[in-house]
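So the protein lines, in turn, are chains A and B.
Under numbering that gives the first Met the number 0, the first residue of the first sequence is numbered 0, with each subsequent residue one higher.
Under numbering that gives the first Met the number 0, the first residue of the second sequence is numbered 0, with each subsequent residue one higher.
Okay, so here's the structure we're looking at.
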Amino acid sequence: MSLRATFSPLSLLGSRLEAFKRDLWMVAGDVTGRPRASFERREPLGRHLQVAAPPREVLSPRTVRVVRVVRETDDAVTLHLVDAEGAAFTFLPGQFLTLLVELDGETLRRAYSICSGVEDGGGGVAVTVKRVPGGRVSTHLLTQARDGDTLRVLGPSGSFTVALEPARRRDLVLLGGGSGITPLLSIAKSVLAREPFSRVRLVFGNRSWDEVIFRDALAELVAAYPGRFAVRHVLEVAPKGWTGGVGRLDVEGCGAELDALADEAPGCVGAQANDGEKAVEALEPPEVFLCGPEGMMAAAREALTARRVPLSRVREERFSSPGQQVAARGASDEQPLKPQPITLQGRGQGRVVVATAGQTVLEAGLRAGVGMPFSCALGGCGACKVRLVEGEVEMEEPNCLGAEERAQGFVLACASRAKSAITVEVP
Amino acid sequence: MLATSRLTNLLPARMRSQLDAYLEALDLLRNIRDPRVLAALGPSGVRGIFLHRGKQGVPTQMQAAHAAHFDWRYPSDQPEMAELYSRAKEGQWNGDSLPWAIDVDPLNPEVPLLPDRFLDLHMLEDYGIKVSEKEKREISYAMTAWMLSQFLHGEQGALFAAAQVTEAVQFFDGKLYGATQVMDEGRHVEVFNRYLDTKLNKLYQINDNLFVIIDSLMTDGRWDMKFLGMQIMVEGLALGAFGTLYRQTREPLLKELLKMVIQDEARHVHYGVCALREHFTKHISERERQEREDWAFEVALLMRNRFAAYELFEEYFEGRLSRANWRAFVNRTPGMVHFRTVMFSRLVPNLREIGLLSPRVMPRYEEAGLMQYFGGAAADKLTAEQLLS
Ligand SMILES: Cc1cc2nc3c(=O)[nH]c(=O)nc-3n(C[C@H](O)[C@H](O)[C@H](O)COP(=O)(O)OP(=O)(O)OC[C@H]3O[C@@H](n4cnc5c(N)ncnc54)[C@H](O)[C@@H]3O)c2cc1C
Ligand code: FES
Ligand SMILES: [Fe+2]
Ligand SMILES: [Fe+2]
Numbered sequence: 000m001s002l003r004a005t006f007s008p009l010s011l012l013g014s015r016l017e018a019f020k021r022d023l024w025m026v027a028g029d030v031t032g033r034p035r036a037s038f039e040r041r042e043p044l045g046r047h048l049q050v051a052a053p054p055r056e057v058l059s060p061r062t063v064r065v066v067r068v069v070r071e072t073d074d075a076v077t078l079h080l081v082d083a084e085g086a087a088f089t090f091l092p093g094q095f096l097t098l099l100v101e102l103d104g105e106t107l108r109r110a111y112s113i114c115s116g117v118e119d120g121g122g123g124v125a126v127t128v129k130r131v132p133g134g135r136v137s138t139h140l141l142t143q144a145r146d147g148d149t150l151r152v153l154g155p156s157g158s159f160t161v162a163l164e165p166a167r168r169r170d171l172v173l174l175g176g177g178s179g180i181t182p183l184l185s186i187a188k189s190v191l192a193r194e195p196f197s198r199v200r201l202v203f204g205n206r207s208w209d210e211v212i213f214r215d216a217l218a219e220l221v222a223a224y225p226g227r228f229a230v231r232h233v234l235e236v237a238p239k240g241w242t243g244g245v246g247r248l249d250v251e252g253c254g255a256e257l258d259a260l261a262d263e264a265p266g267c268v269g270a271q272a273n274d275g276e277k278a279v280e281a282l283e284p285p286e287v288f289l290c291g292p293e294g295m296m297a298a299a300r301e302a303l304t305a306r307r308v309p310l311s312r313v314r315e316e317r318f319s320s321p322g323q324q325v326a327a328r329g330a331s332d333e334q335p336l337k338p339q340p341i342t343l344q345g346r347g348q349g350r351v352v353v354a355t356a357g358q359t360v361l362e363a364g365l366r367a368g369v370g371m372p373f374s375c376a377l378g379g380c381g382a383c384k385v386r387l388v389e390g391e392v393e394m395e396e397p398n399c400l401g402a403e404e405r406a407q408g409f410v411l412a413c414a415s416r417a418k419s420a421i422t423v424e425v426p
Numbered sequence: 000m001l002a003t004s005r006l007t008n009l010l011p012a013r014m015r016s017q018l019d020a021y022l023e024a025l026d027l028l029r030n031i032r033d034p035r036v037l038a039a040l041g042p043s044g045v046r047g048i049f050l051h052r053g054k055q056g057v058p059t060q061m062q063a064a065h066a067a068h069f070d071w072r073y074p075s076d077q078p079e080m081a082e083l084y085s086r087a088k089e090g091q092w093n094g095d096s097l098p099w100a101i102d103v104d105p106l107n108p109e110v111p112l113l114p115d116r117f118l119d120l121h122m123l124e125d126y127g128i129k130v131s132e133k134e135k136r137e138i139s140y141a142m143t144a145w146m147l148s149q150f151l152h153g154e155q156g157a158l159f160a161a162a163q164v165t166e167a168v169q170f171f172d173g174k175l176y177g178a179t180q181v182m183d184e185g186r187h188v189e190v191f192n193r194y195l196d197t198k199l200n201k202l203y204q205i206n207d208n209l210f211v212i213i214d215s216l217m218t219d220g221r222w223d224m225k226f227l228g229m230q231i232m233v234e235g236l237a238l239g240a241f242g243t244l245y246r247q248t249r250e251p252l253l254k255e256l257l258k259m260v261i262q263d264e265a266r267h268v269h270y271g272v273c274a275l276r277e278h279f280t281k282h283i284s285e286r287e288r289q290e291r292e293d294w295a296f297e298v299a300l301l302m303r304n305r306f307a308a309y310e311l312f313e314e315y316f317e318g319r320l321s322r323a324n325w326r327a328f329v330n331r332t333p334g335m336v337h338f339r340t341v342m343f344s345r346l347v348p349n350l351r352e353i354g355l356l357s358p359r360v361m362p363r364y365e366e367a368g369l370m371q372y373f374g375g376a377a378a379d380k381l382t383a384e385q386l387l388s
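Now the structure itself:
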């Protein structure tokens, strides 16, 4: 009987019976002298990891040191990072760091998902960077990053995460393409290690076998969690003797993979429960996590919709922001900015804060203690969207705001600086 | 007694300790003189001690039966509570702001969680048991995790009891104050849970005796019983325990955590004393008072036994040492002696202050060795600074 069963006299009777059986089991254990475990091992759960980053500190970067650079493929490197002052990183699986990279006298901000699991230990984190053709930061990191380098980072932030909870019986389906594997690996590792009853299945699309990041790490994970973790590689160009999937993860490709997953045996992950009873219960309905190139994500969404998977069970992470397609920088007339009063309506409850010269609307609000929403702090996710009611701002371009949102008067608080006294509405 | 011990010696170790546990429980129930107290504690005793409801690995449902007391006139009825309310508002703090970045290594002898003499394991040599240095450190770690786990379970009880009492109490100033206490207890659950999960990585099951107390006061419909149980007994004792641990631990994060919790608890016990003194002396009959007096005594005994740390015994010594010998050891080890002294020297004066320690029950406290604490100061006379010094 599931926990979600609706209330009925029958289920009441059933639960009474269950309770009675448990009581009997305990008494019998005492009388027969069955040994019992009086404690359990505990690990930091979602709640503890979540609170780890008070929002005000997220906006002031911390310095990290690169302790190891691992080349994953011709086009990708993994950077292992530790806090320069030795503080441990706390993060939720699936979150990203925003790296501040100094290049040619400019500070460039780019988000990179943490690919290590919360279980990996050592207090550090790892990010994997895949080169984007012509990409400034990714090319720089791929060719120049060395052990001992220091970097400044913001975060961890992002809501493409799972709140770990040992009692859950999740059925996770991860659909990834190319560098989109990074947050998915972190989620897979963490869930497998912390949730003994959950199962994880990954479908991972790439152009060729040589381009597959984390080939070995994934194989090790499969070996470590037999029956609870499975990977299906799908390649556009397959080597000889290839037994995995072939083709693109377009609408048909995604659909075929999803159907194959659905045909697998209904999930149940058994484990010895505390009291020695075999606890085999059905898994929760599948949850889907998507991360990959824009085309694959759109195709996956369409395939999921066609299969009536409720969108509430589908989570997505976008690496490329729509604004990145806008190559041209917005022409700004580059006047030096002055301190400006900002009136925060809505969630800001009408408070007036003063932004110092050059401070973003988000920074000014957070410094003053207003609980403004945000995530990436670099114009890439849209979480900090506010409506400009009055006044003028200068907004960094490109960013992820869509044309429609712009027309409705939205601006990104993390990317906007006040040019006059302004009033914004915080949703 | 002779006959039973000869019989029990023939049984396997686990069964022998279980028999000792049953005999101890029966002894406790047998000694309850007031039938009404037996009726109030008995069912909870069965659920806790025999059925181990707190150890079944599933959530426990406890039916509450109190009445929510509304007052649409919002009287300003208790200036002392009103003052506590405004102090409580000022005293709020954020659990996130504790120094969580501190790395805790529970086995590091340089920064011990508990001093060596707390559980003086050398004394076990009297029973022919030698404990290595390594084992000593492990047991010290286990003991800390065990105590903090019991605190955490107690705080969960406190959280729900505070919420129920806030509904049921008839003083309006008390209701406003109660809201802050609910918040306080939530925060205590938060920080103890976080410390155990992220620093010690171990959580012990609820001790049966503590379960009995919580079960009994959650299911009792009378608000003053809930109040007495939670504010005076469980938390009053916890306050003493927190204080001892605060003074003895060398681990900086735990020290800071306890310091903050103690400041809240000082208010809670003060409120308990203030509300119950009024109630017990003015609003109930002598018969009802006597019942509460007896109940408090029995619960004090349960609380004393709760600190025998049998869960630790089962983990480390079952088979090597009899349960009765473990009990004797825990009763003698200097840290625990001190611990009990501090705990009961807080509790007993509070009971006296609210009028639940009349000459009628004094002999029983005397017999249990608890009268020596009669002369101390009650919570309403103690400041947080005194508790921390
Ligand atoms: C939340 C989040 C998490 C991310 N995690 C990772 C990660 O784990 N690993 C990783 O390698 N990258 C990740 N990215 C992408 C990363 O932040 C950069 O966008 C990417 O490295 C390119 O930066 P660049 O400076 O090299 O390219 P730029 O110099 O900014 O751009 C060069 C050219 O490439 C285009 N372009 C930029 N980014 C992309 C893209 N992602 N896809 C397609 N075209 C693009 C631009 O429009 C431009 O034409 C993540 C992005 C986000 C928003
Ligand atoms: S916080 Fe992500 S766009 Fe501003
Ligand atoms: Fe508390
Ligand atoms: Fe309390």
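Cβ coordinates follow ideal geometry from the N, Cα and C atoms, glycine included.
These figures come from a predicted structure and were not determined experimentally.
> Is F428/A helix, strand or coil when you go by DSSP?
Replying inline: The structure shown does not extend to residue 428/A, since chain A is modelled only from 0 through 426, so no value can be given for it.
> What are the partner residues of V410/A, as DSSP defines its beta bridges?
Replying inline: V385/A
> For L97/B and chain A, any beta-carbon pair shorter than 8 Å?
Replying inline: no
> What distance in whole Å lies between the Cβ atoms of E118/A and S189/A, which are believed to be in contact at a cut-off of 8 Å?
Replying inline: 6 Å
> Any idea which residues DSSP pairs E342/A with across the strands?
Replying inline: It is Thr, not Glu, that sits at residue 342/A in the sequence shown. Its beta-bridge partners are V351/A and T422/A.
>> Using only CA atoms, which one of A66/B, A237/B and S139/B lies nearest to A162/B?
In response: A66/B
>> Using C-beta distances below 7 Å, list every residue in its chain close to L202/B, excluding the 5 sequence neighbours before and after it, in chain order.
In response: S148 and L195
>> I believe R135/A touches L107/A by the beta-carbon criterion, under 8 Å. Please report the beta-carbon distance rounded to the nearest angstrom.
In response: About 6 Å separates the beta carbons of R135/A and L107/A, which is inside the 8 Å limit, making them a contact pair.
> Looking only at DSSP bridge pairs, what is T149/A linked to?
Replying inline: R64/A
>> Is the beta carbon of L191/A closer than 8 Å to that of F228/A?
In response: yes
> Along chain A, in chain order, which residues have C-beta atoms closer than 9 Å to that of N200/B?
Replying inline: R40, R41, E42 and P43
> Which residues, in order along the segment 43-72 of chain B, keep a beta-carbon less than 8 Å from a beta-carbon of chain A?
Replying inline: F49, L50, H51, R52, K54, Q55, G56 and V57
> Between R13/B and the rest of its own chain, which residues show a CB-CB distance below 6 Å, the 5 nearest in sequence each way excluded?
Replying inline: none
> With respect to the alpha helix (DSSP H) encompassing R322/B, which residues constitute its N-terminal and C-terminal limits?
Replying inline: R322 to R331
> Just curious, the beta strand (DSSP E) that V230/A is in, first and last residue?
Replying inline: F228 to V236
> Around ligand 2, what residues have a beta-carbon under 7 Å from a heavy atom of it, in chain order?
Replying inline: L361/A, F373/A, S374/A, C375/A, A376/A, L377/A, G378/A, G379/A, C380/A, G381/A, A382/A, C383/A, N398/A, C399/A, L411/A, A412/A, C413/A and A414/A
>> Suppose contacts are defined by Cβ-Cβ distances below 8 Å. Is L98/A in contact with I113/A by that definition?
In response: no
>> Quick check on T359/A: does DSSP put it in helix, strand or coil?
In response: T359/A: coil per DSSP, three-state reduction.
> I think N398/A touches L411/A, with their Cβ atoms under 8 Å apart; what is that distance to the nearest whole Å?
Replying inline: 5 Å
> Listed from N- to C-terminal order along the chain, which residues in the segment 231-243 of chain A have their beta-carbon within a distance smaller than 8 Å of any beta-carbon of chain B?
Replying inline: none
> If you run the structure through DSSP and keep just helix, strand and coil, what is S156/A?
Replying inline: strand
> Looking at C-beta atoms only, is the number of pairs between the segment 252-267 of chain B and the segment 346-358 of chain B that lie closer than 8 Å three or more?
Replying inline: no
>> Considering just the uninterrupted stretch of the beta strand (DSSP E) at K449/B, what are its terminal residues?
In response: One cannot answer for residue 449/B here, as it falls past the ends of chain B, which runs 0 to 388.
>> So with CB distances below 8 Å, who are the chain A contacts of D196/B?
In response: R41, E42, P43, L44 and H47
>> So G401/A contacts chain B; which residues on that side make the cut at Cβ distance below 8 Å?
In response: Result: empty, since nearest Cβ-Cβ is about 35 Å, beyond 8 Å.
> Can the beta-carbon of V100/A be found less than 8 Å from the beta-carbon of L150/A?
Replying inline: yes
> Got a sec? Which residues, its chain only, sit under 6 Å from D389/B by beta carbon, not counting five neighbours each side?
Replying inline: Outside the modelled stretch of chain B, which goes from 0 to 388, sits residue 389/B, for which no answer is possible.
> Quick one, are the C-beta atoms of V65/A and R145/A less than 8 Å apart?
Replying inline: yes
> From G408/A, I180/A and M25/A, pick the residue whose C-alpha is nearest to that of C290/A; which is it?
Replying inline: I180/A
>> In this structure, how does DSSP classify T179/B when only helix, strand and coil are distinguished?
In response: DSSP places T179/B in the helix class (H, G or I) of the three-state scheme.
> Interface residues of chain A around P11/B at Cβ under 8 Å?
Replying inline: G32
> Say the cut is 7 Å; is the CB of S43/B nearer than that to a heavy atom of ligand 1?
Replying inline: No, Cβ of S43/B sits at least 7 Å from all heavy atoms of ligand 1.
> If G347/A and G368/A are in contact, beta carbons under 8 Å, what's the gap, nearest whole angstrom?
Replying inline: G347/A to G368/A, Cβ: 10 Å. No contact.
> Can you check whether the CB of G53/B is closer than 8 Å to the CB of V190/B?
Replying inline: no
> Quick check: the segment 157-164 of chain A against the segment 235-251 of chain A, are there 3 or more CB pairs under 8 Å?
Replying inline: Contact annotation: the segment 157-164 of chain A does not touch the segment 235-251 of chain A, with fewer than three C-beta pairs closer than 8 Å.
> Is any beta-carbon of chain B found at less than 8 Å from that of S415/A?
Replying inline: no
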